[in-house]
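Enquirer: Handing you a structure now.
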Amino acid sequence: MTFQQQLTALNTIARKEIQRFLRIWTQTLIPPVITQTLYFVVFGSFIGSQLSEVHGVSYMQFIVPGLVMMAIITSSYMNVVSSFFIMKFARNIEELQVSPTPSWVIVAGFVAGGVARGLLTGAIVFGVSLFFTRPHINHLWIIVLFAVLTAIVFSLGGLLNAIFAKKFDDTSIFTTFILTPLTYLGGVFYAIDKLPGIWKTLSHANPLVYMIDGFRFGFYNFSTVSVWISATILVVFALVLVYLNLYLLKKGTGMRS
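So this is what it looks like as structure tokens:
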């Protein structure tokens with residue numbers, strides 16, 4: 250398979266993934282936007298109006314980056330885990346595996362779809378936030394960097410989950426028992442440096458802290474952890490997940506009886 254043919258295959262898979270979630274946009278884009286809007290209303294307007302500023306910005310402004318990142322994380326992960334598992338369940342993925350299509354093209358195609366949905370949902374949630382407050386943007390390139398890296402990491406995580414999943418219920422185990430707790434404990438609604446000693450130390454074991462912290466730095470120019478350390482951690486996570494997914498696809502894990 251020539252490199253040009255590989256690019257054509259990559260474009261085909263990515264386009265198919267993007268068209269899939271756009272075709273059912275009422276199921277893929279609207280629900281997370283409604284959820285984050287409720288967070289803006291409850292935590293930002295009702296509770297936030299009774300709280301003092303955080304690092305010089307209002308509480309409503311403070312939670313905007315975290316809620317946008319929540320939307321990116323959830324949407325990018327769910328897009329890949331559901332799409333890949335459905336193809337695996339219908340045994341359509343076997344058609345790709347028996348074709349000359351390299352494993353890296355399959356991984357990149359599904360990740361592209363997850364990144365597209367994650368970034369689009371995040372952009373919509375950010376647009377909704379403008380009805381409640383006016384977030385400051387100090388470093389646009391850092392915002393874009395962390396949004397893309399986070400979407401890539403969780404798209405790869407969704408693919409890994411889908412590879413191991415044996416039934417559809419297995420695709421929600423990670424979301425329920427790992428992703429959701431880590432998200433709420435990742436500094437979306439509070440500043441990590443305001444926590445008591447032991448909890449502040451434990452928070453640094455949560456990978457989502459680095460994603461949200463670096464993303465928030467792009468808005469308000471403050472962070473608990475160096476933005477470069479956070480970016481490096483995300484790149485390492487992405488590389489490890491790429492390797493695992495490629496290895497498992499080549500081995501046929503979860504797809505060959």
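Heads up: the sequence shown runs through residues 250 to 506, numbered per my numbering. Think of the CB as a built atom: it goes at the ideal place given N, C-alpha and C, for glycine as much as any other residue.
(1) What are the residues that DSSP puts in a beta bridge with V306?
(2) How is T286 classed by DSSP in three states: helix, strand or coil?
(3) Classify S348: buried if its beta carbon has 16 or more other beta carbons within 10 angstroms, exposed otherwise.
(4) By alpha-carbon positions, which one of Q268, R465, T370, V402 ends up nearest to F486?
(5) Going by CA-CA distance only, name the one from E344, F270, L345 that's closest to G363.
(6) Cβ atoms of N410 and Y288: under 9 Å apart, would you say?
(7) Would you identify the three-state DSSP class for K415, choosing helix, strand or coil?
(8) Use the C-beta contact count for V291: other C-beta atoms within 10 angstroms, 16 or more gives buried, fewer gives exposed.
(9) Could you tell me the boundaries of the alpha helix (DSSP H) in which L345 lies?
(10) Can you give me the C-alpha to C-alpha distance between Y469 and K500, rounded to a whole angstrom?
(11) Verify whether the separation of the beta carbon atoms of G358 and K265 is less than 9 Å.
(12) The alpha helix (DSSP H) spanning S479 covers which residue range?
(13) Leaving out five residues before and five after V366 in sequence, what residues of the same chain have Cβ atoms less than 7 Å from its Cβ?
(14) Rounding to the nearest angstrom, what Cα-Cα distance links V306 and F375 in this structure?
(15) Using CA atoms only, rank isn't needed, just tell me which of L431, A361, L256, V377 is closest to G293.
(16) Given this structure, state the Cα-to-Cα distance separating L493 from V354, to the nearest angstrom.
(17) Measuring alpha carbon to alpha carbon, tell me which residue in S352, M336, M309 is nearest Q255.
(18) Can you tell me which of the three DSSP states V437 falls into?
(19) Would DSSP call L278 helix, strand or coil?
(20) Closest by CA to V360, which one among L405, T261, D462?
Expert: Answer, in terms of the structure:
(1) V303, per the DSSP bridge assignment.
(2) helix
(3) Exposed, because fewer than 16 other Cβ atoms sit within 10 Å of the Cβ of S348.
(4) V402
(5) Here the closest residue by C-alpha is F270.
(6) If you check the CB distance, Y288 and N410 do not come in under 9 Å.
(7) For K415, the three-state secondary structure derived from DSSP is coil.
(8) exposed
(9) 342-347
(10) 45 Å
(11) Result yes, Cβ atoms of G358 and K265 sit closer than 9 Å.
(12) 476-500
(13) In the sequence on display, residue 366 carries Arg and not Val. Contacts found: F270, T277, S324, S325, N328.
(14) The alpha-carbon atoms of V306 and F375 are separated by roughly 17 Å.
(15) V377
(16) 15 Å
(17) S352
(18) Of the three classes helix, strand and coil, the one that applies to V437 here is coil, per DSSP.
(19) coil
(20) Considering only alpha carbons, the answer is L405.
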